[in-house]
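Trainee: Taking this note's numbering, the leading residue of the sequence shown gets 149, the next gets one more, and so forth. For each residue, glycine too, the CB sits at the ideal point set by N, CA and C. Note that the structure is a prediction, hence the values are computed from the model and not measured. Sending over a structure as C-alpha cells; questions will come in a sec.
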Amino acid sequence: SWLKNDAGDDVSKWYGITTGGGRVTGIDWSHSGLSGFLTPDLGKLSALTLLRLDGNDLRGSIPEAIGSLSKLQYLWLSDNNFWGAVPLTFSNLCDHMYL
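Shown next, in the form of C-alpha cells:
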C-alpha cells in the first residue's frame, strides 16, 4: 500500500513522502515498481529537496519543469527508460545539487 497506517489525505503519511512546514520536501519512490511518464507538475513542488525515482520503469522525456526546482539538492533518475536529452533547465540546478 502507498499509505502508511490509513493516512487518508495526510500527505506526510504517504509512502516515500517527506514533508516540512506543510509542504512536500522529499519523494523517495526508488525501486517502487512505478511505470509510465513523469508529469511536468513535479515543477510545482517548489519546496522539494530530494527526488528519488531510480530503479523503476519510467519512460519518455524528463520534464523541463524539474529544472525549476530551485531547492532540489538530490536527484536520482537512473535505471529507468527515459529518452532524449537532459533538459537545459537542469543547468539551473548544477551549482547546488548531487546528480
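So what's Ser183 in DSSP terms, helix, strand or just coil?
Mentor: Ser183 carries a strand assignment under DSSP once its states are collapsed to helix, strand and coil.
Trainee: Tell me whether Leu217 is buried or exposed, calling it buried when 16 or more other Cβ atoms sit within 10 Å of its Cβ.
Mentor: Burial call: buried.
Trainee: Could you give the DSSP three-state label for Val234: helix, strand or coil?
Mentor: coil
Trainee: Starting from Ile165, trace the beta strand (DSSP E) both ways and give me its first and last residue.
Mentor: Secondary structure note for Ile165: its beta strand (DSSP E) is the uninterrupted segment 165-168.
Trainee: Helix, strand or coil: which one does DSSP assign to Asp205?
Mentor: strand
Trainee: Between Tyr224 and Lys161, what straight-line distance do the alpha-carbon atoms span, to the nearest angstrom?
Mentor: Here residue 224 turns out to be Trp, not Tyr, going by the sequence shown. If I take the Cα positions, the gap works out to 22 Å.
Trainee: Nearest by alpha-carbon distance to Asp189: which of Glu212, Asp227, Thr237 is it?
Mentor: Glu212
Trainee: Report the residue from Gln221, Gly215, Lys219, Asn204 whose alpha carbon sits nearest the alpha carbon of Asn229.
Mentor: Asn204
Trainee: By Cβ distance below 6 Å, which residues in the same chain neighbour Gly169 in space, the five residues on each side in sequence not counted?
Mentor: none
Trainee: On the CB-based measure, 16 or more other CB atoms within 10 Å of its CB, does Gly181 come out buried or exposed?
Mentor: Under this definition Gly181 is an exposed residue.
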